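J.: Structure incoming, see below.
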Amino acid sequence: MKNNAYEVMKEMWNIDEQIQNLSDKLKKTSQYREREIIEKQIDNLYSDFLRYKHLLESIKVTGV
C-alpha cells in the first residue's frame, strides 16, 4: 500500500475512472451473465477505493 497522500489519491482517481468506464459498459450490456461479471468488477473496485479512502484518512499531511 502507498503511504504518500498524492500517490493514494492518484490510485483513487484511477479506480474511479475504471468504475466509470465499467458503469458505461454495464449500461450498454444486455446479456445477464456479462452484467453480473461487470457488477462484480465494480464491487471489487469500489472495495479497493474504500480501502484507499481509509488509508488516505490515516495519513498525516505535513508541510504544504
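Residues in the sequence shown are numbered consecutively from 10, following the working numbering. We put the CB at the ideal spot given by N, CA and C, even for glycine. Just so it is clear, the structure is predicted and the values come from calculations on it, not from any experiment.
#1: Taking Ser32 as the reference, give the member of Lys62, Gln50, Asp57, Leu64 with the closest Cα.
#2: Pull up the CB-CB distance for Leu64 and Gln27, whole angstroms please, since I reckon it's below 8 angstroms.
#3: Among the candidates Asn30, Trp22, Arg42, whose CA atom is the shortest distance from the CA of Asp57?
#4: I'd like the list of long-range same chain contacts for Leu35, defined as Cβ closer than 8 angstroms, with 5 residues on each side in sequence excluded.
T.: Reading it off the structure:
#1: Within the sequence shown, the letter at position 23 stands for residue 32. The shortest C-alpha separation from Ser32 is found at Gln50.
#2: In the sequence shown, the residue the question calls residue 64 occupies position 55. In the sequence shown, the residue the question calls residue 27 occupies position 18. Between Gln27 and Leu64 the Cβ distance is about 18 angstroms, and since that is not below 8 angstroms, they are no contact.
#3: Within the sequence shown, the letter at position 48 stands for residue 57. Cα-wise, what sits closest to Asp57 is Trp22.
#4: Against the sequence shown, residue 35 aligns to sequence position 26. Correct list, in chain order: Arg44, Ile47, Glu48, Ile51.
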